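Engineer:
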Amino acid sequence: MRIAISIGLLTFLVAVGCYAYEGVIRPDAPVPTYGIVVFTIGVAALVVVGVGLMGLLFYSSRRGFDEPPRYER
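Right, here's the structure in full:
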């Protein structure tokens, strides 16, 4: 099963690499409007997720949720 998954993932990696290479060798190809919109939405979502996770990290640290549990005997 591991071999089948590895082969599938490697095939996917090669396909993505070929697609990316095709995009790199044509530098004069214009970027369509929807490409710019999707890229902008992706970057904005990445920033929101990053800020949210960092906020949760600081919140949990300040509230003491990162402390090891204390057991009373």
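Residue 1158 is where the sequence shown starts when you use this note's numbering, and the numbers rise one by one after that. For each residue, glycine too, the CB sits at the ideal point set by N, CA and C. Note that the coordinates shown come from a computational prediction; the quantities given were computed from them, not determined experimentally.
Between which two residues does the alpha helix (DSSP H) holding Val1194 run?
Structural biologist: Position 37 of the sequence shown, counting from 1, holds the residue named residue 1194. Thr1190 to Arg1220 is the span of the alpha helix (DSSP H), which, as asked, contains Val1194.
Engineer: Give the secondary structure of Ile1182 by DSSP, where H, G and I count as helix, E and B as strand, and everything else as coil.
Structural biologist: In the sequence shown, residue 1182 corresponds to position 25, counting from 1. In this structure, Ile1182 counts as coil in the three-state DSSP scheme.
Engineer: Please report how far the alpha carbon of Val1181 lies from the alpha carbon of Cys1175, in whole angstroms.
Structural biologist: Here residue 1181 refers to the residue found at position 24 of the sequence shown. Here residue 1175 refers to the residue found at position 18 of the sequence shown. About 10 Å.
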